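Student: Take 1 as the starting number for the sequence shown in full-length UniProt numbering and just add one per residue. Okay, here's the structure, questions in a sec.
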Amino acid sequence: MSKKVKKYIVVESPAKAKTIKSILGNEYEVFASMGHIIDLPKNKFGVDLEKDFEPEFVVIKGKEKVVEKLKDLAKKGELLIASDMDREGEAIAWHIARVTNTLGKKNRIVFSEITPRVIREAVKNPREIDMKKVRAQLARRILDRIVGYSLSPVLWRNFKTNLSAGRVQSATLKLVCDREREILRFVPKKYHKITVKFDGLTAEIDVKEKKFFDSETLKEIKSIDELVVEEKEVSLKNFSPPEPFKTSTLQQEAYSKLGFSVSKTMMIAQQLYEGVETKDGHIAFITYMRTDSTRVSDYAKDEARNLITEVFGEDYVGAKGAKRKGNTKIQDAHEAIRPTNVFMTPEEAGKYLNPDQKKLYELIWKRFLASQMKPSQYEETRFVLRTKDGKYRFKGTVLKKIFDGYEKVWTTERNTGEFPFEEGESVKPVVVEIEEQETKPKPRYTEGSLVKEMERLGIGRPSTYASTIKLLLNRGYIKKIRGYLYPTVVGSVVMDYLEKKYSDVVSVSFTAEMEKDLDEVEQGKKTDKIVLQEFYQSFSSVFDRNDRIVIDFPTNQKCSCGKEMRLSFGKYGFYLKCECGSTRSVRNDEIAVIDDGKIFLGRKDSESGSPDGRSIKGKRNLPEKRRKG
């Protein structure tokens, strides 16, 4: 009788290990590698440029015992590697296979949810490690090492502080700086917002563009006491349910509705994915949270349809074969972010989750359930009112709910009401409201809107959005005030240097193209060596490790003598200096932006997106002088 082979599963975290162990019982031992075990060395470049970008990998300090344990497990029995299913996870699996001498074996298992059905299926169907995915991840790692290891020392030497540069972080910082420049340059135009209110409804004056009216015209409009219905058009309007969450939309919605930073959202989502302790053991609550897919498995759809029928009735169940617009670049092995068990309601889940976990789970649960429901239906009435002489016209739209559909669980603000008038009827406005307003620039980014823009432009991947923003905040390159992101003095000065010397590295389009190249490596359409060679040829042609960054900018700050002060950098950091000899220190995290070679210092109104003060040069909006505190 042959001896039964012991089976081992390697995962990345103890929580994940505990959840899988609770599913498989004593049949498998589950071991946590605690993330990466191998990486490029910290204290040297670690990439041989002369040998086709060959990387030098070393055991991460503190992981020596983990590596020995993995080797021991591989000798004792069958070793299955169950690191995460993204590129990063595939690279971790490759490193584990290398140190355990199990490369080439079918020992890689992946799953998008940690549930008994999926885990048991996964262990029955191991595959070989996907080397195309590994090569794409290694190429990314080497690209980032080339940029970071080259440019960061230049910044350290010039600024005498622990700064860094990187492909994705620098392109993201450029977005924040560019938006600040847009706001700085914006010239507001005054206009009048004119609204008539009647019978609980509103309509706005019909003009081709925002307009500023003279006082006589305003007086005439204010005196309007009767309008006639010129047009009335009634139609049925369906509002489609939202798609289930992917990484970027979860981060945006959690920021908008819960006030969670993107890093907090990902931390909590990781906990929900890996599992928490319940009376029924260690249970995972959601599917894998790093995904750009909105695909849902047939199994999950059927479960949702059953629950919707049970709770709301068949009338609320969405069309089974409904097709959605999708991103052709997504890895379809991934699913959307959804509950692992849709019958685990937020109320029930709340018995096992802490308040923040429950809030995020409820958001995911409701979004997923809504995505499988019917559209909501409204009767839409578009109407046009005019004065009797036809001189002024007002347009309005009102919605009357016919069927709530998915809005039963995913509420949406809509202008609802009923328009009881017919064409030709007279309408007596209750009030004519006239407000003098100004056009506004685009608002500063929030963490949520910055993620949305990064995704739209193709900067980074779902796994990097949160870490990129967190890094920029931790480095002090950007600062968050009342939810809005501002560039700082140090961020603006570093960006100015990078834009002048390494325009490709910080170029949004260049960074997006690099992401496409890495995708093509993963798809087998390009080789990693060609991508690395093309990048390095461009980068090395401008790189100079001995660069001296000259910091001498005119500013918007005036000395007590009345002259313009200049920004400089010395032994103790940034400071302002004047011809008269006066100096003033400047904090690294002071809000600032550089435009046309001049640095503008000072806090701005983060809520409106417009500067506190107007000043100095023509019609441009410049920041107010520095305020203490």
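Note that beta-carbon positions come from the ideal geometry of N, C-alpha and C, so glycine has one too. Every value quoted in this text rests on a predicted model; they were computed, and no experiment measured them.
Between which residues of its own chain and L201 is the CB-CB distance below 7 Å, once the five residues before and five after are set aside?
Tutor: G396, V398, G417 and F419
Student: Is DSSP giving G570 helix, strand or coil here?
Tutor: strand
Student: Leaving out five residues on either side along the sequence, give the residues of the same chain with a beta carbon under 6 Å from the beta carbon of E128.
Tutor: K106
Student: Does the Cβ of C561 have 16 or more other Cβ atoms within 10 Å, making it buried, or fewer, making it exposed?
Tutor: Looking at its Cβ environment, which holds fewer than 16 other Cβ atoms inside 10 Å, C561 is exposed.
Student: Alpha carbon to alpha carbon, how far is Y288 from H334? Give it in angstroms, no decimals.
Tutor: Here the C-alpha atom of H334 lies approximately 8 Å from the C-alpha atom of Y288.
Student: From which residue to which residue does the alpha helix (DSSP H) around K51 run?
Tutor: No alpha helix (DSSP H) contains K51, which DSSP labels as neither H nor E.
Student: Taking C-alpha atoms, which residue in R87, E425, P126 and T172 lies nearest to N104?
Tutor: Residue 104 is actually Gly in this sequence, not Asn. Checking every option, the nearest Cα to that of G104 belongs to P126.
Student: Quick one: what's got a C-beta closer than 6 Å to G460's C-beta in the same chain, skipping five residues either side?
Tutor: V168, M454 and T468
Student: Let me check one thing: in DSSP terms, what residues is L485 bridge-paired to?
Tutor: BP columns for L485 point to K480.
Student: Which value, in whole angstroms, describes the spacing of the CA atoms of E113 and N341?
Tutor: 10 Å
Student: On the criterion of 16 or more Cβ atoms from any shown chain inside 10 Å, does Y273 qualify as buried, or is it exposed?
Tutor: buried
Student: For the UniProt domain "Toprim" (6 to 115), list the alpha helix (DSSP H) runs that are entirely contained and at least 4 residues long, ordered along the chain.
Tutor: 14 to 24, 64 to 76 and 87 to 99
Student: Indicate the three-state DSSP secondary structure (helix, strand or coil) for Y378 in the structure shown.
Tutor: strand
Student: Please tell me whether F111 and K69 are closer than 8 Å, where the distance is taken between their beta carbons.
Tutor: no
Student: Pick helix, strand or coil for F312, following the three-state DSSP scheme.
Tutor: helix
Student: Just checking my contact of R338 with P244 at CB under 8 Å: how many whole Å lie between their CB atoms?
Tutor: A Cβ-Cβ distance of about 5 Å is found for the pair R338 and P244, placing them in contact under the 8 Å criterion.
Student: Which runs of the alpha helix (DSSP H) at least 4 residues long sit entirely within the region 577 to 608? Give them in chain order.
Tutor: Those alpha helix (DSSP H) runs which fall completely within the region 577 to 608 and span 4+ residues do not exist here.
Student: Where do the N-terminal and C-terminal ends of the beta strand (DSSP E) with K401 fall, by residue?
Tutor: R393 to F403
Student: According to DSSP, is T278 part of a helix, a strand, or is it coil?
Tutor: T278: strand per DSSP, three-state reduction.
Student: Rounded to a whole number of angstroms, what is the C-alpha to C-alpha distance between T172 and V508?
Tutor: So the two alpha carbons sit approximately 8 Å from each other.
Student: Taking residue 630 as the reference, give the member of E423, K391 and A165 with the closest Cα.
Tutor: Examination of residue 630 is not possible in this model, given that the chain is present from 1 through 629 alone.
Student: Could you pull out every residue in the same chain whose Cβ sits closer than 7 Å to the Cβ of S371, ignoring the five residues on either side in sequence?
Tutor: P241, P242, E243 and P244
Student: Quickly, what does DSSP pair L218 with across the bridge? List them, please.
Tutor: According to DSSP, which records beta bridges pairwise, L218 is partnered with nothing at all.
Student: Spatial neighbours of L24 within its chain, please: CB distance less than 8 Å, with the 5 preceding and 5 following residues excluded, ordered by chain position.
Tutor: Close CB contacts of L24 within its chain, under the 8 Å cut and outside five residues either way in sequence, are with I9, V30, I119, R120 and V123 (chain order).
Student: Sorted by chain position, which residues of the same chain lie with C-beta nearer than 6 Å to S261's C-beta, five sequence neighbours on each side aside?
Tutor: E447
Student: Quick check on DSSP: helix, strand or coil for K325?
Tutor: No answer about K325 holds up, because its pLDDT of 49 lies below 50 and its placement is not dependable.
Student: Hey, how far is the Cα of K374 from the Cα of A319?
Tutor: 7 Å
Student: Specify the secondary structure class of L622 as computed by DSSP and reduced to three states.
Tutor: Legend: pLDDT at L622 = 30, less than 50; position of this residue unreliable, value from coordinates given subsequently. Note: L622 maps to coil in three-state DSSP.
Student: When you compare only the Cα positions, how much space is there between T328 and V430?
Tutor: Residue confidence for T328 is low, a pLDDT of 39 falling below 50, so the modelled location carries little weight and cannot support an answer.
Student: Please state whether DSSP places Y299 in a helix, a strand or coil.
Tutor: In the three-state scheme derived from DSSP, where H, G and I count as helix and E and B as strand, Y299 is classed as helix.
Student: Pick from R393, Y445, I599 and K529: whose alpha carbon is nearest that of L175?
Tutor: Y445
Student: Applying the 10 Å Cβ sphere with the 16-neighbour rule, what's the burial state of W94?
Tutor: buried
Student: Report the rounded CA-to-CA distance for L184 versus P355, giving the unit in angstroms.
Tutor: For L184 and P355, the gap between their C-alpha atoms comes out near 41 Å.
Student: Considering only their Cβ atoms, is the gap separating E78 from K442 smaller than 8 Å?
Tutor: Against a cut-off of 8 Å, the Cβ pair of E78 and K442 comes out as no contact.
Student: Drop a sphere of 10 angstroms on the beta-carbon of P116, count the other beta-carbons inside from all chains shown, and report buried for 16 or more, exposed for fewer.
Tutor: exposed
Student: Use the C-beta contact count for S223: other C-beta atoms within 10 angstroms, 16 or more gives buried, fewer gives exposed.
Tutor: Exposed is the call here.
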